[in-house]
Amino acid sequence: MRNASDLTTLCTTSIIPLDLNAFILKMELDTSYLANVSLDKIIDERFAKTSKSRQTAINVVLWNEEMGQWLDYWIDANSLARVYLPQTSSLCGFNHLTQTMIWWRKFLKALRVQAFSVMQGLQLL
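Each number in the working numbering comes from the position in the sequence shown (counting from 1) with 31 added on.
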């Protein structure tokens with residue numbers, strides 16, 4: 032929502048959400064794994080390729096180097112802009128752990144540099 036206290040400002044069609052993309056990525060990885068186990072090479076390769084593309088896109092589009100975390104991507108009518116809304120993070124008393132924690136479990140080893148930045152960002156809170 033553009034205004035956290037006004038439900039009419041809900042703008043789901045203007046957001047590329049991190050959490051949804053992370054869940055889709057997990058489903059793609061699981062599908063690839065299951066296809067591999069069941070010896071369906073075509074499906075395995077298709078979903079392995081798709082998941083790799085999604086992971087790359089998430090890191091390119093949703094990663095905020097300055098903040099050391101991933102953020103939702105807000106699409107403005109005239110341009111693309113990453114928007115961090117501090118008023119929404121203060122509602123919960125933390126810096127949206129969902130923006131970082133969803134990645135810790137699976138990708139910590141693969142993303143050591145970004146994971147270190149996330150840890151530093153959380154320590155600043």
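Glycine included, every Cβ here is placed at the ideal spot set by N, Cα and C.
**Message:** Taking 8 Å as the threshold (C-beta atoms), are ILE55 and TRP105 in contact?
**Reply:** no
**Prompt:** Where MET98 and VAL92 are concerned, what is the direct C-alpha to C-alpha distance, given to the nearest angstrom?
**Reply:** 14 Å
**Request:** Give a yes or no on whether the minimum CB-CB distance between LEU60 and chain B is below 8 Å.
**Result:** Protein chains in the displayed structure number just one, and chain B is not present.
**Item:** Distance between GLU59 and THR161 (C-alpha atoms, nearest Å)
**Value:** Nothing can be reported for residue 161: it is not among the residues displayed for the chain, which extend from 32 to 156.
**Request:** Report the rounded CA-to-CA distance for PRO48 versus LYS72, giving the unit in angstroms.
**Result:** 30 Å
**Prompt:** The beta strand (DSSP E) with ILE89 in it runs from where to where?
**Reply:** No beta strand (DSSP E) holds ILE89; DSSP gives it neither H nor E.
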